[in-house]
Amino acid sequence: MSEPIVKIAGLHKAFGDLEVLKGVDVSIREGEVVCLIGPSGSGKSTLLRCVNMLEEPTQGTVEAAGHSMTDPDVDIDAARRDIGMVFQQFNLFSHLSILDNIVLPQRRVLGRGKAEAVANARRQLEAVGVEGKEKAKPAQLSGGQQQRVAIARALAMGPRLMLFDEPTSALDPELVGEVLHVMRRLADEGMTMIVVTHEMDFAKEVADRVLFLSDGVICEQGPPADVLTDPKTERAKGFLHRVLHPAD
Ligand SMILES: Nc1ncnc2c1ncn2[C@@H]1O[C@H](COP(=O)(O)OP(=O)(O)O)[C@@H](O)[C@H]1O
Ligand SMILES: [Mg+2]
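Counting from 1, one number per residue, gives the positions in the sequence shown under the UniProt record's numbering.
Take a look at the structure:
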């Protein structure tokens, strides 16, 4: 068994008096796709953000993509190169063209030459199915296209691990599928992924493992067929019922 690519141990995170994460332990192996589910406010985003130190844990250790993230001496820039993140709100630079959104990080962070960065950007755009839009500004694209560009931007950096925080929650329903399609292909190609999502069909079909976060701890986890169709805890049962049958 190889070393896990993500190892979270005894993770606590508080914002002032509000204790959001109360002792989370997770190991993820290379190539694994983990979907993180749970009620709004349960700490899903906080947990994800602790993996790449966008939030600093109050207590505990995080290792990710070969970096000891919680070590005070960690080279955080090097670590973040290896860990891509995709947000609900795309976070593209609105004043830059689509191509420059993907080219500039490669040049600034990786020091790549222009020709190489441009060639790579075009490859990544083609891979996510957004071609012919290189000169457009983000606002000229649909939400689904913008999110696919955000994924292309992250992949252009050559990450070993990808974090997704509700990547389809800001999209009109008819645009969700095209983004999930890109993520599914990435999973098929062997990328290690942690995905916060409410898309239960995606979780069922693509995840190797589902984690249910509630009250600051992972209160249930396992293969999607177990957690999503036959939850054991009352909390998971209640949550899944509310997600799957919102009108009840
Ligand atoms: N920067 C912050 N400062 C204070 N409270 C925060 C901050 N970020 C998140 N929280 C709080 O932590 C809790 C968990 O938030 P979050 O991780 O965003 O939950 P989720 O993603 O599961 O909806 C919420 O109560 C939220 O208000
Ligand atoms: Mg969130």
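All C-beta atoms, glycine included, are put in the ideal place defined by N, C-alpha and C. A quick note: this is a predicted structure, and the numbers were derived from the prediction, not measured.
TODO: Can you give me the start and stop residues for the beta strand (DSSP E) that Thr192 sits inside?
DONE: First-last of the beta strand (DSSP E) with Thr192: 192–196.
- [ ] Identify, in the order they occur along the chain, each residue of the same chain with its Cβ nearer than 7 angstroms to the Cβ of Ala154, setting aside the five sequence neighbours on each side.
- [x] Taken in chain order, the residues that qualify are Gly84, Met85, Val86, Met162.
Open item on the list: Which residues neighbour ligand 2 when neighbourhood means a C-beta less than 7 angstroms away from any of its non-hydrogen atoms? List them by chain order.
Closed with: Those residues are Lys44, Ser45, Asp165, Glu166, Val196, given in chain order.
- [ ] Tell me whether the beta-carbon of Val26 lies closer than 8 angstroms to the beta-carbon of Ile37.
- [x] Taking 8 angstroms as the Cβ cut-off, Val26 and Ile37 do not qualify as a contacting pair.
Open item on the list: Shorter than 7 angstroms, the distance from the beta carbon of Ser169 to the closest heavy atom of ligand 1, or not?
Closed with: For ligand 1, no non-hydrogen atom lies closer than 7 angstroms to the CB of Ser169.
Open item on the list: Between which two residues does the alpha helix (DSSP H) holding Val227 run?
Closed with: Bounds of the alpha helix (DSSP H) holding Val227 are 224–227.
Open item on the list: Any heavy atom of ligand 1 inside 7 angstroms of the beta-carbon of residue 249?
Closed with: Since the first residue of the chain shown is 1 and the last is 248, residue 249 is not available in this structure.
Open item on the list: I'd like to check one pair, Val34 with Asp208: are the Cβ atoms closer than 8 angstroms?
Closed with: Their beta carbons are under 8 angstroms apart, which means Asp208 touches Val34 by this criterion.
Open item on the list: Looking at Val24: is its Cβ nearer than 8 angstroms to the Cβ of Ile218?
Closed with: Yes, they are a contact pair.
Task: Residues that DSSP places opposite Lys114 in a beta bridge - done: Partner(s): none; Lys114 has no beta bridge.
Open item on the list: Quick test of your reading: Lys135 and Leu141, contact by CB under 8 angstroms. State the CB separation rounded to the nearest angstrom.
Closed with: Not really, about 12 angstroms apart at Cβ, beyond 8 angstroms.
Task: Local Cβ density within 10 Å of Phe90, reported as buried at 16 or more and exposed below that - done: So Phe90 counts as buried.
Open item on the list: Please state whether the Cβ-Cβ distance between Ile28 and Met53 is less than 8 angstroms.
Closed with: It is not a contact, given that the beta carbons lie outside the stated cut-off.
Open item on the list: Less than 8 angstroms between the beta carbons of Val210 and Val227, yes or no?
Closed with: A Cβ-Cβ contact shorter than 8 angstroms links Val210 with Val227.
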